[in-house]
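The opening position of the sequence shown corresponds to residue 38 in my numbering, with each subsequent residue numbered one higher.
Backbone N, C-alpha and C define an ideal beta-carbon position, used for all residues, glycine too.
This structure is a prediction, so every number in the text was calculated from the model and none was measured.
First up is the structure itself, then whatever we jot down about it.
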Amino acid sequence: MKTFIAVLFALVPSVAMSQEMVKDDMIMEFKDIASLSAAEVLGCGETKKEAVRKFNVIFDIFMLDKAKEEGYDVDIGDIEGWKLTTILVQYEAMKGMECRQINNYIDDYSDTARYVENMYAYYTPNGAI
């Protein structure tokens, strides 16, 4: 399975900055994308749907494999439920903030991406930062 996931990254270079996938890094990358999705819902920018979709496919496969490897009984519904909850938590935390503040925060952390060059591979802010 790990070979399959590595092949996925090789086929999707826009999502494959690092060949080594680590559970904590995958989770943090998703949490960052969840913040970008919340920013989009709040009208502060637009996510790049294709890049986000590609990451999500790889994330789901990786997490299912990792859960099996660690002996957990997890299915895709569990993963999708966690992802939805994570996006909602990010949205609630950002609700009421001005877009300029949100986009400045995203810019401050744009270089923390683990599997792309920076967060702008997943997001385009509306207006100036």
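Where residue i falls, given that 16 or more other Cβ within 10 Å makes a residue buried
i    : result
V153 : buried
N163 : exposed
K132 : exposed
L121 : exposed
V94  : exposed
I139 : buried
G66  : Rather than Gly, the amino acid found at residue 66 in this sequence is Glu. When all chains shown are included, E66 counts as buried.
Neighbourhood of residue i by C-beta, 6 Å cutoff - its chain only, sequence neighbours within 5 removed
i    : result
M237 : Shown here, the chain extends from 38 to 166; a query on residue 237 therefore has no answer.
L48  : Caution is warranted here: a pLDDT of 49 is assigned to L48, below 50, making its placement in the model unreliable, and the coordinate value is therefore given only provisionally. Within the same chain, L48 has no close Cβ partners at all.
E77  : E83, T84
D110 : none
L73  : T84, Y159, Y160
Alpha-carbon to alpha-carbon, residue j and residue i
i    : j    : result
L79  : I124 : 12 Å
G118 : E107 : 19 Å
D97  : I113 : 7 Å
G63  : C136 : Here residue 63 is Met; the residue named in the question, Gly, does not match the sequence. If I take the Cα positions, the gap works out to 26 Å.
N155 : M134 : 23 Å
A88  : Y157 : 10 Å
Sequence-distant residues of the same chain with beta carbon closer than 7 Å to residue i, five excluded per side
i    : result
K103 : K60
C81  : C136, I139, N140, P162, N163
M70  : According to the sequence as given, residue 70 is Ile; it is not Met. Here the set comprises V89, F92, Y159.
S55  : Note that S55 scores 47 on pLDDT, short of 50, meaning its location in the model is unreliable and no value can be drawn from it.
9 Å Cβ cutoff met for residue i and residue j
i    : j    : result
Y160 : F92  : no
A75  : A130 : yes
Q127 : K86  : no
Sequence-distant residues of its chain with Cβ nearer than 8 Å to residue i (five each side left out)
i    : result
S147 : N155, M156, Y157
Within the region 55-115, ranges of the beta strand (DSSP E) (whole runs, at least 3 residues): Within the region 55-115, the complete beta strand (DSSP E) runs of at least 3 residues are 82-84.
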